[in-house]
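Step one of this worksheet: look at the structure below.
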Amino acid sequence: MKLDANPFPFEFQLERSALVIIDMQRDFVEPGGFGETLGNDVSLLQAIIPAARAVLEAWRSKGGLVVHTREAHRPDLADCPPAKRNRGAPTLRIGDEGPMGRILIAGEPGNQIIDALAPIDGEIVIDKPGKGAFYATHLQSELQRRGIRGLIFMGVTTEVCVQTSMREANDRGYDGLLLEDCTESYFPAFKAATLEMISAQGAIVGWTAPSASLLAALEG
Ligand code: C5J
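Shown next as C-alpha cells:
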C-alpha cells in the first residue's frame, strides 16, 4: 500500500506494519492527571480523539496489529529516576495521590487508556517508564517476532513521547509515519515544529500525513 505523505509517499505492507498509539491515557488527556499537574490545558489533547478512533476502527477492520503504550511506573518507583520525579514544580509529583489515583503509576485509574481507544484482546499493551516506547520495554522483541517493519504513530504528546518513540524506531530500522491530526501537544507551536522536523531532510526521522490519507489507502 502507498499513501500520500510528507515529504514523499509512504509505502507499507499491512501485515508487516503496526499502528502504535502513544500514551492516550487518562493521566495526559483528562483533568486531574500528570498533564494537568504540570500546568497544562488537557482539553487541547481531547480534540484528536474522534480522528484517532476512526483510524483505530479502520485499522482493526483490516486485521492490522495495534500497539498501545502507557507511560507507567512501578508502585515502588524503582524505575523512576530522581532526574524525572524531581524535575520542575508540578502540583503533584509522579507517585503522589491524585484524583485518579497515584500519578503515572501502573494499575491506577489515571494510568488507563481512555475508553474511546481502549485496547481489545490480541492487541499489545506496553508500559514504558521513559518517553520512548523502546526504552526498557519488550516492544522491539514483540515487533521482531511478528516481522513488523513499518510503524504508524498516533498519540500524545507530539514532541515528547511520540517524537522520542519515532526517533528510537528510526534508529532500529523501522519506517515510521505520524498521523498529523491524531497527535497533539499542550503547545501548538511544538507540534508544528515536530511535524516539520520529522519529515525534513528527506524524511530524516520519518513521514507525516493526515489520517484521511491512511483511511483512503486502507479503503483503496
Ligand atoms: C510527557 C508524553 N509529556 N506521553 N509524556 O511527559 O509525552
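Using the numbering used here, the first residue of the sequence shown is number 596, and each one after it goes up by one.
Beta carbons: idealized from backbone N, C-alpha and C, even for Gly.
_For the pair the segment 650-658 and the segment 794-804, tell me if three or more CB-CB distances fall below 8 Å._
no
*asked:* Taking contact to mean 3 or more Cβ pairs, one atom from each stretch, closer than 8 Å, check whether the segment 709-722 and the segment 629-640 are in contact.
replied: no
*asked:* Any heavy atom of ligand 1 inside 7 Å of the beta-carbon of Thr752?
replied: Yes - ligand 1 has a heavy atom lying nearer than 7 Å to the Cβ of Thr752.
*Is DSSP giving Gly683 helix, strand or coil here?*
coil
*For the beta strand (DSSP E) containing Gly664, list its first residue and its last residue.*
A small correction: the amino acid at residue 664 is Thr; Gly does not occupy that position in the sequence shown. Per DSSP, Thr664 belongs to the beta strand (DSSP E) from 660-666.
_Using the Cβ count rule (16 or more neighbours within 10 Å means buried), how would you classify Gly771?_
buried
_Local conformation of Ala807 per DSSP, three classes_ = The DSSP-derived three-state label of Ala807 is helix.
*Output the distance between the C-alpha atoms of Phe603 and Trp802, rounded to the nearest integer angstrom.*
8 Å
*Among the residues of its own chain, which have a CB less than 8 Å from the CB of Ile709, if the five just before and after it don't count?*
Met619, Gln620, Arg621, Val624, Glu625, Ile644
*Are the segment 764-779 and the segment 733-750 in contact at 8 Å, needing three or more beta carbon pairs?*
yes
*With respect to the beta strand (DSSP E) encompassing Leu614, which residues constitute its N-terminal and C-terminal limits?*
612-617
_I'd like to check one pair, Ile617 with Ser760: are the Cβ atoms closer than 8 Å?_
yes
*Based on the DSSP output, what are the partners of Trp654 in its beta bridges?*
Its beta-bridge partners do not exist; DSSP assigns none.
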